[in-house]
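Residue numbers for the sequence shown follow the numbering used here, beginning at 108 and rising by one.
The beta carbon of each residue, even a glycine, is placed where N, CA and C say it ideally should be.
Before any comments, here is the structure.
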Amino acid sequence: MKVAVVGATGLVGGEILKVLAERNFPVSELIPVASERSIGKKVSFKGKEYEVVGFDTAIAMKPDVAIFSAGGGTSLAIAPKFAEAGITVVDNSSAWRMDPTKKLVVPEINASTLTPEDKIIANPNCSTIQMVVVMNPLHKKYKIKRVVVSTYQSVTGTGKAAVDQLFNERAGKTEYDKVYPHKIDLNVLPHIDVFLDNGYTKEEMKMVNETKKIMMDDSIQVTATTVRIPTIGGHSESVNIEFENDFDLDEVRSLLAQEEGVIVQDDPKNFLYPMPITAHGKDEVFVGRIRRDETQPNTLNLWIVADNLRKGAATNAVQIAEYLAKHQLI
Ligand code: 2RA
108 MKVAVVGATG
118 LVGGEILKVL
128 AERNFPVSEL
138 IPVASERSIG
148 KKVSFKGKEY
158 EVVGFDTAIA
168 MKPDVAIFSA
178 GGGTSLAIAP
188 KFAEAGITVV
198 DNSSAWRMDP
208 TKKLVVPEIN
218 ASTLTPEDKI
228 IANPNCSTIQ
238 MVVVMNPLHK
248 KYKIKRVVVS
258 TYQSVTGTGK
268 AAVDQLFNER
278 AGKTEYDKVY
288 PHKIDLNVLP
298 HIDVFLDNGY
308 TKEEMKMVNE
318 TKKIMMDDSI
328 QVTATTVRIP
338 TIGGHSESVN
348 IEFENDFDLD
358 EVRSLLAQEE
368 GVIVQDDPKN
378 FLYPMPITAH
388 GKDEVFVGRI
398 RRDETQPNTL
408 NLWIVADNLR
418 KGAATNAVQI
428 AEYLAKHQLI
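Given below as structure tokens:
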């Protein structure tokens, strides 16, 4: 399979190359793609160096699939050109996610809705993906009514410049490029993406709206507070879920343990719970601190962690491409 990685020189692009190699995706030809200023740069894949090409060159090379991680503006402008040339695009940006003509896919949940006609497929937001992967088996069994989520998100979600800001601050530098409006080291910012008229941030509304679309259920109520913290390994989430029906905690643990891509780490007596430092570089979503909310019926508290560059971005996108290849949809 000819695979183009658009945005190959970025943080997520680099992770996509790693994940393609690790999962042994059947790549017959790799085409790393980026904007003008990165053309000619080299990226490595499975021990070989590849030169980055521009958008038009990549389209002319006719890849079977193009995994985009190049930002919303680039995606809006360029993805349709790939699609018109018959190339299936899996897009990591927010550009197409809520477009009613595009599928928003987490393979464990809704990949079966994909058809060969889907030429631009959207990859959801990182903080949404890890939450819905855990919620899906519980929704099927107990039916979710309402979710209250607070996130603790890694600076890698903002990109390389944010990681540089954190380490420049930590090194005591005073002159550096600032991505955030405040210091991030030794600090916490209750602010991810832009503020909207309703007082929520765009990241918070992504969690609300994308959850309903992926889980194909508009009745699920979600309210979110998204927060940036000075870590790099992954996003963490405190999730409070109210169900229509009551549950048994052991059954919850066993449903989650059986779920593909989910690992239960729930042994507080031995200090075992998910953390970004242990989720870093892993493809799975980790869940722990599984306990009943004792203040109201049918309500569960969970702590969910995943590497946002992996399942939150690269891994999910590669899994979509794997599904397309396996079911001969490309
Ligand atoms: C963040 N959700 O962590 C974003 C990345 N897509 O900022």
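Per the Cβ contact rule, the region 285 to 299 is not in contact with the region 353 to 373 (fewer than 3 Cβ pairs under 8 Å). Under the three-state reduction of DSSP output, E136 falls in the strand class.
When distances are taken from the beta-carbon of Q260 to the heavy atoms of ligand 1, the shortest one is below 6 Å. Cβ-Cβ distances below 7 Å link E215 to V240, N243, E367 and G368 in the same chain, with the five nearest sequence neighbours on each side left out; the list follows chain order. Per DSSP, the beta-bridge partners of H342 are A413.
Residue nearest to K248 within the set R130, L436, L356 and Q260 is L356 (criterion: CA-CA distance).
Checking the 6 Å criterion, the Cβ of I291 is out of range of every heavy atom belonging to ligand 1. In this structure, N423 lies near I236, with their beta-carbon atoms less than 7 Å apart. Checking the 6 Å criterion, the Cβ of I348 is out of range of every heavy atom belonging to ligand 1.
Taking one beta carbon from each stretch, the region 179 to 192 and the region 121 to 137 have fewer than 3 pairs nearer than 8 Å; the two do not touch. Around the beta carbon of V295, fewer than 16 other beta carbons lie within 10 angstroms, which makes this residue exposed. In this structure, A115 sits away from A165, with a CB-CB distance that is not shorter than 7 Å. Counting only the Cα atoms, V213 lies some 17 Å from P223. Across the set G154, E158 and L137, the C-alpha of E158 shows the shortest separation from the C-alpha of I146. Residue state for S176 is assigned as coil, using DSSP reduced to three classes. Distance from the CA of L293 to the CA of K389, rounded to the nearest whole angstrom, comes to 26 Å. In the DSSP assignment, A111 falls within the unbroken beta strand (DSSP E) covering K109 to V113. For the set Y259, V425, S257 and A432, the Cα lying nearest the Cα of G121 is the one of V425. Beta-carbon to beta-carbon, H387 and Y259 are separated by about 14 Å, too far to satisfy the 8 Å threshold. Minimum Cα-Cα distance from S200 among the listed residues T208, L183 and A413 corresponds to L183. With 16 or more neighbouring CB atoms inside 10 Å of its own CB, R417 falls in the buried class. Short of 7 Å from the beta carbon of V119, and not among the five residues preceding or following it, lie these beta carbons of its own chain, in chain order: S176, N199, L416, A420 and A421. Between the C-alpha atoms of L124 and F152 there is a straight-line separation of about 6 Å.
In the DSSP assignment, K149 forms a beta bridge with E158. Counting only residues of its own chain and dropping the five nearest sequence neighbours on each side, L407 has a CB closer than 6 Å to the CB of I348. In the same chain as G340, and ignoring 5 residues on each side of it, the C-beta atoms closer than 7 Å to its own belong to S261, P383, I384, A386, H387 and D414, in chain order.
Looking at V315, L245 and M108, the one whose alpha-carbon comes closest to that of E358 is L245.
Taking the Cβ of T265 as the reference point, at least one heavy atom of ligand 1 falls within a distance shorter than 6 Å. Secondary structure at R204: coil, using DSSP grouped into helix, strand and coil.
DSSP places I291 in the coil class of the three-state scheme, outside both helix and strand. The criterion of a C-beta distance shorter than 7 Å is satisfied by V254 and V329.
Going by DSSP, A268 is part of the alpha helix (DSSP H) stretching over K267 to R277.
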